[in-house]
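Q: Input: one structure, supplied below.
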Amino acid sequence: MQKSLVGQKHPSALLQKLLNEDFQGRTLVFSGVPGCGKFTAGILFAEKILGKDPFLSPDFLFYRNDDFALKTRYFIRNTANEKLHELVKRYFRYFLGRISQAVFLGEIPDKLKEKKIDIASIREELETGILNGGLIQRLGSDTAFAEKLQKISDELSKKQKIPIDFIREAIEFHSRKSSGNRRITIIGDFENATVQAQNSALKLFEEPSPTSLIIITVSDIGQVLPTILSRSIVIKFDELSPQSVKTIFFENPGNYRSTLDLMNDEVYQFGTKRRASVREFFTKVAPQVQFGFEVFQFIDRVCDNSAPGMEIQLLEEIANYFRNLHLLRQQILHNIEIKNFIDIEYQDISETLIRKTTTAEISELSAEIETVWKKVKYGNVSPQAVFPALLLNISRWYQKKIK
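Take 2 as the starting number for the sequence shown in our numbering and just add one per residue.
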């Protein structure tokens, strides 16, 4: 988490306007793609209102099911990079808060017996390192401590739904008098709340007191109940530019449009793997899908657990393939030069495929990919259950076009 909001000019201006007007009485919904800074914006907004780091304030409450396994590994790997030290410290304050919340809600036990980890002891050690300033040095030198944090992050990353118990906690939290002027709750990825939890949360949104502020972040606003949205101010966040990602991480990391993409690529080499998988699919699997079991073997390789989350990465890269195909088609149809907007990996897509494909086909297949992506990411649906139909459909389309 950075000190200031990067790459979000319109949301930044709107939030500053709300601060200047002493905004009260409405829920804020931050909507945008994963890794664009929605939750960070909520933290920074809360910090300005509370006048201190929210994670150190008794008037702040939060819940979020995050990819802690990825982020913990990324920041531990980067403890030697002095430019990232402030990000490392802010992340582990957030991580400590999420561990404490998980223990309070009973999401994880006090002890991870099979991993021989005493959660209370780790929380105390983590808090001590944060307060005395020795955390970064310890993360870089104490391998056993770092490994325990990674194992705890693995447990937290298994959480998929926002529990109704947290919603009850938030309602009770806002019924109490604040120690200052405001009480703030941030709920990340609210689309992961069950319908029961969302309905229960209506009490938070219906008649908020002037001293209460609720912020929810969503990547798929269509999963949020209309009754909640009607009571809220929705602020749309843009996808980050590569320059914005560079600014956040203080270096030139590559052509990334999300902080998560950069982290995934460094920790799991997802960028290289997902592009290689898509190239394999279109050169070896799709052209001869009817002659054997290649598509099922391909799915098994993607889902072999050597790189957690690779199935989501594959879907996103296939969607990116069709985005590039669309751009290439526009370039030929309208005789315009947009090479700088086309990923170098896909600049060699055959002209035959580009010319034979229609915009309607690209839109239809892209919509199908998005539907499967939502089922796997949010619906807890097994990739093996939904990938075959999708990949077979794409393969049939591909074979017709390359003839």
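Backbone N, C-alpha and C define an ideal beta-carbon position, used for all residues, glycine too.
Cβ of L261 within 8 Å of Cβ of D68?
A: For the purposes of this step, residue 261 is taken as the residue at position 260 of the sequence shown. For the purposes of this step, residue 68 is taken as the residue at position 67 of the sequence shown. It is a contact, given that the beta carbons lie within the stated cut-off.
Q: Report the residue from Q298, F283 and L263 whose alpha carbon sits nearest the alpha carbon of G36.
A: If you number the sequence shown from 1, residue 36 lands on position 35. Nearest of Q298, F283 and L263 to G36, Cα basis: L263.
Q: Does the region 162-178 come close enough to the region 125-141 to have 3 or more Cβ pairs within less than 8 Å?
A: The region 162-178, when compared against the region 125-141, does not touch it at the 8 Å Cβ threshold.
Q: Report the CB separation of F93 from I131 in whole angstroms; it is logged as a contact under 8 Å.
A: Residue 93 sits at position 92 when you count from the first residue of the sequence shown. Residue 131 sits at position 130 when you count from the first residue of the sequence shown. Right, the Cβ-Cβ distance comes to about 6 Å (below 8 Å), so this counts as a contact.
Q: Please state the DSSP three-state secondary structure of D119.
A: In the sequence shown, the residue the question calls residue 119 occupies position 118. D119 falls in the strand class under three-state DSSP.
Q: Along the chain, where does the alpha helix (DSSP H) that runs through I185 open and close?
A: One-based indexing of the sequence shown puts residue 185 at position 184. First-last for I185: R184 to I188, but that is the beta strand (DSSP E), not the alpha helix (DSSP H).
Q: I want to know whether the region 226-235 touches the region 27-45 - three or more CB-CB distances under 8 Å.
A: Segments in contact, yes.
Q: What is the rounded straight-line gap between the Cα of E208 and the Cα of G181?
A: For the purposes of this step, residue 208 is identified with residue 207 of the sequence shown, where counting begins at 1. For the purposes of this step, residue 181 is identified with residue 180 of the sequence shown, where counting begins at 1. C-alpha separation (whole angstroms): 20 Å.
Q: Which whole runs of the alpha helix (DSSP H) in the region 357-387 are 4 residues long or more, in chain order?
A: Correct list: 360-378.
Q: According to the neighbour-count rule (16 or more other Cβ atoms, all chains shown, within 10 Å of its Cβ), is D60 buried or exposed?
A: Translated into the one-based positions of the sequence shown, residue 60 becomes position 59. With 16 or more other Cβ atoms within 10 Å, it is buried.
Q: Exposed or buried, which one is R427 when buried takes at least 16 other CB atoms within 10 Å?
A: No answer is possible for residue 427: the residues shown for the chain start at 2 and end at 404.
Q: Of the residues Q332, I343 and V303, which one's Cα is nearest the Cα of Y322?
A: Sequence index remark: in the sequence shown, residue 322 carries index 321 (1-based). Ranking Q332, I343 and V303 by Cα distance to Y322 puts I343 first.
Q: Need the endpoints of the beta strand (DSSP E) that V225 sits in, please.
A: Your numbering for residue 225 matches position 224 in the sequence shown. Looking at the DSSP string, V225 is not in any beta strand (DSSP E), and its letter there is neither H nor E.
Q: Are the CB atoms of V7 and G38 nearer to each other than 8 Å?
A: Taking the first residue of the sequence shown as 1, we reach residue 7 at position 6. Taking the first residue of the sequence shown as 1, we reach residue 38 at position 37. The answer is yes: Cβ separation under 8 Å.
Q: Is the beta carbon of D190 less than 8 Å from the beta carbon of A70?
A: Mapped onto the sequence shown, residue 190 falls at position 189. Mapped onto the sequence shown, residue 70 falls at position 69. No, Cβ-Cβ distance for D190 and A70 is not below 8 Å.
Q: Give the straight-line distance between the Cα atoms of I123 and L334, rounded to the nearest whole angstrom.
A: The count along the sequence shown starts at 1 and reaches residue 123 at position 122. The count along the sequence shown starts at 1 and reaches residue 334 at position 333. Each residue's Cα considered, the two are about 60 Å apart.
Q: Among Q291, R78, P55 and A81, whose alpha-carbon lies nearest the alpha-carbon of I99?
A: For the purposes of this step, residue 99 is taken as the residue at position 98 of the sequence shown. Just to set this straight, residue 99 is Arg in the shown sequence, not Ile. Closest by alpha carbon: P55.
Q: Return the CA-CA distance between V286 and G310, expressed in angstroms with no decimal places.
A: The sequence position of residue 286 within the sequence shown is 285, counting from 1. The sequence position of residue 310 within the sequence shown is 309, counting from 1. Each residue's alpha carbon lies about 21 Å from the other.
Q: Could you check what DSSP says for Y64 in three-state terms: helix, strand or coil?
A: Within the sequence shown, the letter at position 63 stands for residue 64. Y64: strand per DSSP, three-state reduction.
Q: Can you name the residues that DSSP bridges to A194?
A: For the purposes of this step, residue 194 is identified with residue 193 of the sequence shown, where counting begins at 1. DSSP output for A194 lists I163 as bridge partner(s).
Q: Please tell me whether F146 and E125 are closer than 8 Å, where the distance is taken between their beta carbons.
A: The sequence position of residue 146 within the sequence shown is 145, counting from 1. The sequence position of residue 125 within the sequence shown is 124, counting from 1. Cβ distance not < 8 Å, so F146 and E125 don't count as in contact.
Q: Specify, as a first and last residue, the run of the alpha helix (DSSP H) that T73 falls within.
A: Indexing the sequence shown from 1 puts residue 73 at position 72. Per DSSP, T73 belongs to the alpha helix (DSSP H) from F69 to R78.
Q: Could you give the first and the last residue of the continuous beta strand (DSSP E) run that contains F31?
A: Walking along the sequence shown from the start, residue 31 turns up at place 30. T28 to S32 is the extent of the beta strand (DSSP E) around F31.
Q: To the nearest angstrom, how far is it from the Cα of L19 to the Cα of I44?
A: Looking up residue 19 in the sequence shown gives position 18. Looking up residue 44 in the sequence shown gives position 43. Roughly 15 Å separates the two Cα atoms.
Q: Does the distance from the CB of V104 to the CB of I118 come in under 8 Å?
A: Within the sequence shown, numbered from 1, the residue matching residue 104 stands at position 103. Within the sequence shown, numbered from 1, the residue matching residue 118 stands at position 117. No, these two residues do not count as a Cβ contact at 8 Å.
Q: Where are the alpha helix (DSSP H) runs, 4 residues long or more, that stay fully inside the region 288-368, in chain order?
A: List check, alpha helix (DSSP H) in window: 295-303, 311-334 and 352-357.
Q: Hey, could you find the ends of the beta strand (DSSP E) S213 is sitting in?
A: Within the sequence shown, the letter at position 212 stands for residue 213. Element bounds for S213: S213 to V219.
Q: With H, G and I counted as helix, E and B as strand and the rest as coil, what does DSSP make of L263?
A: On the sequence shown, position 262 is the one that residue 263 refers to. L263 falls in the helix class under three-state DSSP.
Q: Which residue from Q102, Q199 and I217 puts its Cα closest to that of K160?
A: One-based indexing of the sequence shown puts residue 160 at position 159. Considering only alpha carbons, the answer is Q102.
Q: Taking the straight line between their C-alpha atoms, what separation do you get for T186 and V196?
A: Looking up residue 186 in the sequence shown gives position 185. Looking up residue 196 in the sequence shown gives position 195. Distance between the alpha carbons of T186 and V196: 19 Å.
Q: Label T218 either buried or exposed according to how many other C-beta atoms from any shown protein chain fall within 10 Å of its C-beta, with 16 as the threshold for buried.
A: For this step, residue 218 is matched to residue 217 along the sequence shown. Counting Cβ neighbours within 10 Å, T218 comes out buried, since at least 16 surround it.
Q: If I measure Cβ to Cβ from E338 and keep anything under 8 Å in the same chain, skipping five residues before and after, which residues do I get?
A: Counting from one through the sequence shown, the residue named residue 338 turns up at place 337. Cβ neighbours of E338 beyond the five flanking positions: Q332.
Q: L113 and K72 look like a contact to me (Cβ under 8 Å); what is the Cβ gap, rounded to whole Å?
A: Taking the first residue of the sequence shown as 1, we reach residue 113 at position 112. Taking the first residue of the sequence shown as 1, we reach residue 72 at position 71. Not quite, the Cβ-Cβ distance comes to about 19 Å (not below 8 Å), so this is no contact.
Q: Going by the DSSP bridge assignment, what does I236 pair with across the sheet?
A: Taking the first residue of the sequence shown as 1, we reach residue 236 at position 235. The partner list for I236 (beta bridge, DSSP) reads F31.
Q: Identify, in the order they occur along the chain, each residue of the same chain with its Cβ nearer than 7 Å to the Cβ of E192, setting aside the five sequence neighbours on each side.
A: Counting from one through the sequence shown, the residue named residue 192 turns up at place 191. Within the same chain, E192 has close Cβ partners V219, S220, D221, Q224, V225 and Y379.
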